[in-house]
Amino acid sequence: MSLQKVMLIRHAEKPSPDDGGVDEAGKPDSESLSPRGWQRAGALVRFFYRDPCPAAAEIVTPDVIFAAGVGSGSQSRRSMQTVSPLSALLHMERSTPLVTQHLKDDVDGLVADVKHRDGAVLIAWEHKLLAQIVNQLSDQQLSPAPWPDDRFDMVWILVRAGKAWNWRQVPQRLLAGDSS
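For the record, in the sequence shown the residue sitting at position 42 is 42 according to my numbering, with numbers rising by one throughout.
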């Protein structure tokens, strides 16, 4: 088996002036998700743990999950927090690994690692780098428009079609106010 599908999401909602970030213990933390972000992280469990997803047949349960890691120059924990509830369930149910060794700017390392995986992969990452990741993974200039700064509610999907890749965008529609 080889890599067949890559699903990419932006980390969930980050702190705003009206809504601060909180860590897993509920302590204020500007590098963590906002309360709405934690709601989305919880809702993503059912979104990705249904096969097939009722919202979109293209969504499947991932065989491996990638999230941007924390390190020098990259202190945000939002990508890891976004997928941590899903990862915890899938690790118990299927031994699905959560890979966090690549920092957000290590797109080359991430892409090389993802290309060596089998089945379906989920990537939670910094939204400004998602178009670059898609283009490098597909070895094509699929060039989706840059991920909008104000959107946390969509999934980009790459599906293998022979030696090529097809790109698609799917709405999550998980929380009140999500766009379709």
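For each residue, glycine too, the CB sits at the ideal point set by N, CA and C.
Best match in D63, S179, G119, I123 for proximity to M1 [C-alpha to C-alpha]: G119
Short Cβ contact (9 Å threshold) for L103 with S84: no
DSSP-derived helix/strand/coil call for I65: strand
Pair within 9 Å by beta-carbon distance, G71 and F152: no
Sequence ranges, alpha helix (DSSP H) only - wholly within the region 73-134, length at least 4: 78-94, 107-115
Sequence-distant residues of the same chain with beta carbon closer than 8 Å to A131, five excluded per side: S143, P144, A145, P146, W147
Assumed close pair S76, A67 - CB separation to whole angstroms, cut-off 8 Å: Their Cβ separation, rounded to whole angstroms, is 10 Å, which puts S76 and A67 out of contact at 8 Å.
Enclosing alpha helix (DSSP H) for A161 [first to last residue]: Premise fails: A161 lies in the beta strand (DSSP E), 154-161, not in any alpha helix (DSSP H).
Buried/exposed call for K14, threshold 16 Cβ in 10 Å: buried
Contact under 9 Å by Cβ, Q141 with A164: no
Three-state class that DSSP yields for W38 in the structure shown: helix
Whole-angstrom distance between R50 and E58, CA atom to CA atom: 11 Å
G162 classed as buried or exposed, judged by whether at least 16 other C-beta atoms fall within 10 angstroms: exposed
Exposure of S95, with buried meaning 16 or more beta-carbon neighbours within 10 Å: exposed
A124 and R10 closer than 9 Å at C-beta: yes
Other residues of its chain near P195: CB distance less than 8 Å, five sequence neighbours each side excluded: Outside the shown range of the chain, which is 1 to 180, sits residue 195, and nothing can be said about it.
Rounded distance between the beta-carbons of L129 and V107, thought under 8 Å: 6 Å
Buried versus exposed, by CB contacts within 10 Å (16 or more), D149: exposed
Check: S74 C-beta below 8 Å from any heavy atom of the ligand GDP: Among the components modelled here there is no ligand, and therefore nothing to report on the ligand GDP.
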